[in-house]
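Residue numbers (the working numbering): 5 to 495.
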């Protein structure tokens, strides 16, 4: 996410965090930079930050996907993979959230009587190191830049009892090169803030639960891969999205059914963007620096999925998931309601130390804009950019845990690739390749290190100059590279 010379322009420094891939998470560095790095759209920070946040909740995730397993679970039992950051967690305190709590409540009933109630408070502090191989200087010249800075502070609360559960996470960004003075920020920690999630739920039975509040929408799994930055699915608002609504969930040993109604997106909290001070990527009102930016709001979202275990013998698992997302898109300029239809199918497997995922999604958005309808503006991490309205997304990842012997850290390594193939004539496809590793201290899992090497083409989070239009018409159609490391301590 490369930023313009102005706080919200597309020059080298302002959006540098995005170029480096900053993002969802939530404490997620979704882009190479990190979600917390949105101010610099020409950098990779946005992608990387989300990943780091994922490390806040240190409980193991389900074996469905290695990334989720790496990231962690909340006291309520749901595992959150992206507490780490802009695009965010893997066994992080901040990540343990709605999905984790609900999963534990329904999917992992314990034969041992549970305490009547338990409240757990947590926090995570993270820093980051970035190398942007395709950055630009103030005059627009190409250069390689390196940065060592603060990433985020995340505060979490998780409650669990025999009948009720709840969780909340709040994150503080700012005071880093991602949110620099050249992007319009004053440069102090806490200048940018997001309410990642806040929900409460009831356990209707051992298999059924209902959750109300700002929570992850049930579109496929919450996290699709191991990256703290998430993948291109986060850039397009498909992966790790947090909205306000109510969700029903039924979880048995082989079947999961989730259905939710979400009247609106999660709230924007504190930042300098018009409508982007939130963690996840949502359809929103464009900032002035976005060319052909639209003024939209997504409403009345009906989202759900059905997942069935084709194989589940203890050592090997293979799960098939079908998901759907239908909503209305209101345009503030025309006063008209458009529509969004998003469908996906995925296979998620594991065998011993190996894990994998393959997913295909189809997106059709009719924004009813007064001008162009082949693109629409989305926002997140205190910035906004355009995405293609119609296209097909394909994603695949393979990873494995590594036996590190007496080394004090466990390791999970992975490689993934994603491509959004756009329908509009002349639009250039967006692509990302990610090779990364997650290191977790063996003592109590309180120290986490996320390292990622990113290659992106027309990717808002990787390389200067791609932030505003890379996911829509495309940028310069050249491969950009970035390296990011997020390190944190989870209390």
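Note that beta-carbon positions come from the ideal geometry of N, C-alpha and C, so glycine has one too.
For this session: Tell me whether the beta-carbon of residue 437 lies closer than 7 angstroms to the beta-carbon of residue 454.
Result: The residue you call residue 437 lines up with position 433 of the chain shown. The residue you call residue 454 lines up with position 450 of the chain shown. No. Outside cutoff.
Exercise. Ends of the alpha helix (DSSP H) at residue 2?
Worked result: Since the first residue shown for the chain is 5 and the last is 495, residue 2 is missing from the structure and cannot be characterised.
Exercise. Using the beta-carbon count (16 or more within 10 Å), is residue 284 buried or exposed?
Worked result: For the purposes of this step, residue 284 is taken as the residue at position 280 of the chain shown. With 16 or more neighbouring CB atoms inside 10 Å of its own CB, residue 284 falls in the buried class.
Problem set entry | residue 148 classed as buried or exposed, judged by whether at least 16 other C-beta atoms fall within 10 angstroms | Position 144 of the chain shown holds residue 148. Exposed, by the Cβ-count rule.
Problem set entry | Inter-residue spacing [alpha-carbon to alpha-carbon] between residue 372 and residue 264 | On the chain shown, position 368 is the one that residue 372 refers to. On the chain shown, position 260 is the one that residue 264 refers to. Spanning the two alpha carbons is a distance of roughly 25 angstroms.
Problem set entry | Outcome for residue 382 when other beta-carbon atoms lying within 10 angstroms are tallied against a minimum of 16 | Counted from its first residue, the chain shown places residue 382 at position 378. Burial state of residue 382 is buried, judged by a 10 Å Cβ sphere holding 16 or more other Cβ atoms.
Exercise. Got a sec? Which residues, its chain only, sit under 7 angstroms from residue 446 by beta carbon, not counting five neighbours each side?
Worked result: Your numbering for residue 446 matches position 442 in the chain shown. Hits under 7 angstroms: 412, 413, 414.
Exercise. How about residue 326: is its C-beta nearer than 7 angstroms to some C-beta of chain C?
Worked result: Of the protein chains in this structure there is only one, and it is not chain C.
Problem set entry | Other residues of its chain near residue 172: CB distance less than 6 angstroms, five sequence neighbours each side excluded | In the chain shown, the residue the question calls residue 172 occupies position 168. By the criterion of a C-beta distance shorter than 6 angstroms, residue 172 is surrounded in its chain by 161, 202, once the five residues flanking it on both sides are discounted.
Problem set entry | Own chain, CB closer than 6 angstroms to residue 254, minus 5 neighbours either side, in chain order | By one-based count along the chain shown, residue 254 stands at place 250. Excluding sequence neighbours, residue 254 sits near 211, 212, 261.
For this session: Kindly give me the distance between the Cβ atoms of residue 389 and residue 271, rounded to whole angstroms, as I take these residues to be in contact under 8 angstroms.
Result: Taking the first residue of the chain shown as position 1, residue 389 is located at position 385. Taking the first residue of the chain shown as position 1, residue 271 is located at position 267. The Cβ separation is near 20 angstroms, so there is no contact.
For this session: Give a yes or no on contact between the segment 173-188 and the segment 207-226, applying the rule of three or more CB pairs nearer than 8 angstroms.
Result: Contact between the segment 173-188 and the segment 207-226 is absent: fewer than three C-beta pairs spanning the two stretches fall below 8 angstroms.
For this session: Check residue 187 in the structure and name its three-state DSSP category.
Result: As a working mapping, residue 187 is identified with position 183 in the chain shown. Under the three-state reduction of DSSP, residue 187 is assigned to helix.
Problem set entry | Distance CB(residue 337)-CB(residue 311) smaller than 7 angstroms | Counted from its first residue, the chain shown places residue 337 at position 333. Counted from its first residue, the chain shown places residue 311 at position 307. Contact: no.
Exercise. From residue 273 to residue 404, what does the alpha carbon distance come to, in whole angstroms?
Worked result: One-based indexing of the chain shown puts residue 273 at position 269. One-based indexing of the chain shown puts residue 404 at position 400. The straight-line gap from Cα to Cα measures roughly 37 angstroms.
For this session: Please report how far the alpha carbon of residue 469 lies from the alpha carbon of residue 307, in whole angstroms.
Result: Residue mapping note: residue 469 aligns to position 465 of the chain shown, counting from 1. Residue mapping note: residue 307 aligns to position 303 of the chain shown, counting from 1. Approximately 34 angstroms, taken between the alpha carbons.
For this session: Provide the residue(s) that pair with residue 472 in DSSP beta bridges, ordered along the chain.
Result: Stepping through the chain shown from its first residue, residue 472 is reached at position 468. When beta bridges are read from the DSSP output, residue 472 appears opposite no residue.
Problem set entry | Reference residue 370; option with closest CA among 379, 325, 190 | Looking up residue 370 in the chain shown gives position 366. Of the candidates 379, 325, 190, the one whose C-alpha sits nearest the C-alpha of residue 370 is 379.
Exercise. At what residues does the beta strand (DSSP E) containing residue 220 begin and finish?
Worked result: Position 216 of the chain shown, counting from 1, holds the residue named residue 220. Element bounds for residue 220: 212-220.
Problem set entry | Cut-off 6 angstroms between Cβ atoms - residues of its own chain near residue 320, not counting five sequence neighbours on either side | To locate residue 320, count along the chain shown from 1; it is residue 316. Within the same chain, Cβ atoms closer than 6 angstroms to the Cβ of residue 320 are found at 355, the five residues on either side in sequence being excluded.
Exercise. If you compare alpha carbons, which of 219, 128, 133, 233 is closest to residue 169?
Worked result: Walking along the chain shown from the start, residue 169 turns up at place 165. When only C-alpha atoms are compared, the closest one is 219.
Exercise. What is the DSSP secondary structure of residue 312, reduced to helix, strand or coil?
Worked result: Here residue 312 refers to the residue found at position 308 of the chain shown. Here DSSP, grouped into helix, strand and coil, assigns residue 312 to strand.
Problem set entry | Completely contained beta strand (DSSP E) runs for the segment 295-381, where each covers 3 or more residues | Contiguous beta strand (DSSP E) elements confined to the segment 295-381 occur at 300-316, 320-335, 341-355, 358-370, taking only those with 3 or more residues.
Exercise. Using the beta-carbon count (16 or more within 10 Å), is residue 137 buried or exposed?
Worked result: As a first step, residue 137 must be located in the chain shown, where it is residue number 133. Its Cβ being crowded by 16 or more others within 10 Å, residue 137 is buried.
Problem set entry | residue 125 to residue 448 span [Cα, whole Å] | Taking the chain shown and counting its residues from 1, the one referred to as residue 125 is at position 121. Taking the chain shown and counting its residues from 1, the one referred to as residue 448 is at position 444. Going from the Cα of residue 125 to the Cα of residue 448 covers about 16 angstroms.
For this session: Run the CB neighbour count on residue 226, radius 10 Å, all protein chains shown included, and call it buried at 16 or more, exposed below.
Result: Here residue 226 refers to the residue found at position 222 of the chain shown. Classification of residue 226: buried, given that the 10 Å Cβ count is 16 or more.
Exercise. Which of the three DSSP states, helix, strand or coil, is assigned to residue 208?
Worked result: Position 204 of the chain shown, counting from 1, holds the residue named residue 208. In the structure shown, residue 208 adopts coil according to DSSP, grouped into three states.
For this session: Spell out the partners DSSP gives residue 162 in its beta bridges.
Result: Position 158 of the chain shown, counted from the start, is the residue given in the question as residue 162. Beta-bridge annotation (DSSP): residue 162 is paired with 124, 171.
For this session: Whole angstroms is fine: what's the gap from residue 158's alpha carbon to residue 429's?
Result: Against the chain shown, residue 158 aligns to sequence position 154. Against the chain shown, residue 429 aligns to sequence position 425. About 42 angstroms.
Exercise. Considering residue 390, what are the terminal residues of the beta strand (DSSP E) in which it resides?
Worked result: Within the chain shown, residue 390 is the residue found at index 386, counting from 1. Unbroken beta strand (DSSP E) run through residue 390: 387-392.
Exercise. What is the residue span of the beta strand (DSSP E) that residue 466 lies within?
Worked result: Taking the chain shown and counting its residues from 1, one reaches residue 466 at position 462. Where residue 466 is concerned, there is no enclosing beta strand (DSSP E), given that its DSSP letter is neither H nor E.
For this session: Rounded to whole angstroms, what's the CA-CA distance from residue 490 to residue 132? Just pull it up for me.
Result: Start at 1 with the first residue of the chain shown, and residue 490 comes out as number 486. Start at 1 with the first residue of the chain shown, and residue 132 comes out as number 128. The alpha-carbon atoms of residue 490 and residue 132 are separated by roughly 4 angstroms.
Exercise. Helix, strand or coil: how does DSSP classify residue 267 here?
Worked result: Position 263 of the chain shown, counted from the first residue, corresponds to residue 267. Correct three-state label for residue 267: strand.
Exercise. Relative to the C-alpha of residue 140, which residue among 481, 472, 317, 467 is closest?
Worked result: The residue given as residue 140 occupies position 136 in the chain shown. It is 467 whose Cα lies nearest to the Cα of residue 140.
For this session: Consult DSSP for residue 199 and reduce its assignment to one of helix, strand or coil.
Result: Along the chain shown, read from residue 1 onward, the residue named residue 199 stands at position 195. In the structure shown, residue 199 sits in a strand (DSSP, three-state: E or B).
Problem set entry | residue 93 in three-state terms, based on DSSP | Walking along the chain shown from the start, residue 93 turns up at place 89. Residue placement at residue 93 cannot be trusted, given a pLDDT of 44 that sits under 50; the coordinates are not used to answer.
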